[in-house]
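Engineer: Just so it is clear: in the sequence shown, position 36 is 34 by the working numbering, and no numbers are missing. Backbone N, C-alpha and C fix where the C-beta goes; we use that ideal spot for every residue, glycine too.
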Amino acid sequence: MESSKKSCDFYFPAGQMVQKDKKLHANPERGVLKFFISNDTQMLSLKWDNIEKKTSTDEIIITPGDYIYKKLTSSKGSPFSIENSSYSDDKYYFYYQTKNKEKIEKYEKTIIEILEKGQLPTDESEKNDKTVPMSIEEVNNNKDNKGTNQNQFNANIFSEILKSIKKQPHLGKILTTEKIKKLFQELDEETKKRLIQLLPENQRTEQGFYDNINSPQFKHGLVSFSVALDPENLPAVISSFGLDNNVAQKYYGIEAFIRAIIAKYPPKEDKKEEKEKNKEDKK
-1 MESSKKSCDF YFPAGQMVQK DKKLHANPER GVLKFFISND TQMLSLKWDN
49 IEKKTSTDEI IITPGDYIYK KLTSSKGSPF SIENSSYSDD KYYFYYQTKN
99 KEKIEKYEKT IIEILEKGQL PTDESEKNDK TVPMSIEEVN NNKDNKGTNQ
149 NQFNANIFSE ILKSIKKQPH LGKILTTEKI KKLFQELDEE TKKRLIQLLP
199 ENQRTEQGFY DNINSPQFKH GLVSFSVALD PENLPAVISS FGLDNNVAQK
249 YYGIEAFIRA IIAKYPPKED KKEEKEKNKE DKK
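1) Which residue wins for smallest C-alpha separation from Q247, given the options S238, R257 and G240?
2) Alpha helix (DSSP H) containing D209: first to last residue?
3) Evaluate Y105 with the Cβ neighbour count: other Cβ atoms within 10 Å of its Cβ, from every protein chain shown; 16 or more gives buried, anything less gives exposed.
4) What are the residues that DSSP puts in a beta bridge with V221?
5) Can you tell me which of Y93, L220, S213 and L113 puts its alpha carbon nearest to the alpha carbon of R28?
6) Give the C-beta separation of E81 and I66 to the nearest angstrom, bearing in mind that I take them to be a contact with Cβ-Cβ under 8 angstroms.
7) With distances taken Cα to Cα, identify the nearest neighbour of D87 among K171, I110, F239 and S76.
8) Mapping DSSP to helix, strand and coil, what is K21?
9) Apply the 10 Å Cβ neighbour rule to D186 and answer buried if 16 or more other Cβ atoms are within range, or exposed otherwise.
10) Taking T108 as the reference, which of Y250, F8 and A24 has the closest Cα?
11) Please confirm if the region 234 to 242 is in contact with the region 205 to 215, defined as three or more CB-CB distances below 8 angstroms between the two stretches.
12) Quick one: Cα of Q150 to Cα of R192, how far?
13) From the DSSP secondary-structure annotation, give me the bridge partner or partners of E187.
14) Tell me the DSSP bridge mates of Y90?
15) Can you tell me whether DSSP reads G240 as helix, strand or coil?
16) Where L70 and L196 are concerned, what is the direct C-alpha to C-alpha distance, given to the nearest angstrom?
17) In whole angstroms, give me the CA-to-CA distance for L173 and G219.
18) Take I60 and list the residues in its own chain whose beta-carbon comes closer than 8 angstroms to its own, dropping the five residues that flank it on each side.
19) Mind checking if P11 is an interface residue toward chain C, Cβ cutoff 9 angstroms exclusive?
20) In the DSSP assignment, find the alpha helix (DSSP H) that holds I172 and state where it starts and stops.
21) Does Q14 come out as helix, strand or coil in the three-state DSSP assignment?
22) Taking 9 angstroms as the threshold (C-beta atoms), are K101 and F207 in contact?
23) Can you give the Cα-Cα distance for D228 and L169, rounded to whole angstroms?
24) Under 6 angstroms Cβ to Cβ from V225, same chain only, skipping five residues before and after it: list those, please.
25) Helix, strand or coil for Y105 per DSSP?
26) I need the DSSP call for K180, collapsed to helix, strand or coil.
27) Check K51 in the structure and name its three-state DSSP category.
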């Protein structure tokens, strides 16, 4: 028997933190961090709404176990991060725009449960906090916090975190829908037909191709394949694609995979130059 309880959006007052000059700075504008079911993908997603400018960040698709919650140490405010458990570069930093410790503890518990289960809360007690978000000055003036009032979180810990990050994006950040569509449109008709034939039988049209690259399944597939390109699995993946491991081992992750592809299938211009060079060598 299905539960009569319905899941609902979960949101609370929070500010965004941005990277600048190798430090994390708190955006002083008031905002809301929101977990919700996306209208576009019908998947659990996360975004930050800027209340003052009435804008939102890009949606981040959340699947169980993909992201983890981390409470960060600072002498000012209550910063935290939501990080991809597989990619150290896939991190998002925020800070609570409230001084109420009980509320913060409640938010932390709910966020952790959402990230672990990949589901929104259904309990009536998990109501959204409609309190007006506090400015960064109000947060930093909390008597429980020590330190001077500044509009940035520049504690040493943030610098250390950023230094340790490996600039390794997942394929979803490289092969965006717009880029794939552009690449497809630049193909000759024969190559387009060959590519379309790889789709399920009832989707073998150009529109079917566009529908596929916009689907949540395709986007999740890119993330999953990115995970397979970690150092431990990379040699097996390279070999299964018939690529040169000697080329791949000089690089890391996705770059290794792409470099190996380029080495095996160089651009036409490169092939032409190679032929001309061979002719010159023979002379």
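Structural biologist: From the atom records:
1) For the residues S238, R257 and G240, the minimum Cα distance to Q247 belongs to R257.
2) Here the alpha helix (DSSP H) through D209 covers E204 to I211.
3) Counting Cβ neighbours within 10 Å, Y105 comes out buried, since at least 16 surround it.
4) DSSP lists no partner for V221.
5) The residue among Y93, L220, S213 and L113 with its C-alpha nearest the C-alpha of R28 is Y93.
6) That pair is a contact at about 6 angstroms.
7) Ranked by Cα distance from D87, the options K171, I110, F239 and S76 are led by K171.
8) Looking at K21 - three-state DSSP - the assignment turns out to be strand.
9) Taking a 10 Å sphere around the C-beta of D186, we find fewer than 16 other C-beta atoms and assign the residue as exposed.
10) Among Y250, F8 and A24, the Cα nearest to that of T108 belongs to F8.
11) Under the three-pair Cβ rule at 8 angstroms, the region 234 to 242 does not count as touching the region 205 to 215.
12) Because the pLDDT of Q150 is 37, which lies under 50, any placement of that residue in the model is unreliable, and the number read from its coordinates should be weighed accordingly. Q150 and R192: Cα-Cα distance of roughly 53 angstroms.
13) Answer is none; E187 lacks a bridge partner.
14) Y90 is bridged to I80.
15) In this structure, G240 counts as coil in the three-state DSSP scheme.
16) Those two C-alpha atoms are separated by around 46 angstroms.
17) Approximately 12 angstroms between the Cα atoms of the pair.
18) Here I60 has F33, M41, L42, S43, L44, I112, L113 and G116 as same chain residues with Cβ atoms under 8 angstroms from its own Cβ, once five neighbours each way along the sequence are excluded.
19) Of the protein chains in the structure, only one exists, and it is not chain C.
20) Taken as a continuous stretch (DSSP letters only), the alpha helix (DSSP H) holding I172 covers L169 to I172.
21) It is a strand residue.
22) No. Outside cutoff.
23) So the two alpha carbons sit approximately 12 angstroms from each other.
24) When the five nearest sequence neighbours on each side are left out, the beta carbons in the same chain lying within less than 6 angstroms of the beta carbon of V225 are those of S84, in order along the chain.
25) Here Y105 carries a helix assignment [DSSP, helix/strand/coil].
26) The three-state secondary structure of K180, taken from DSSP, is helix.
27) The answer is coil: DSSP assigns K51 none of H, G, I, E or B.
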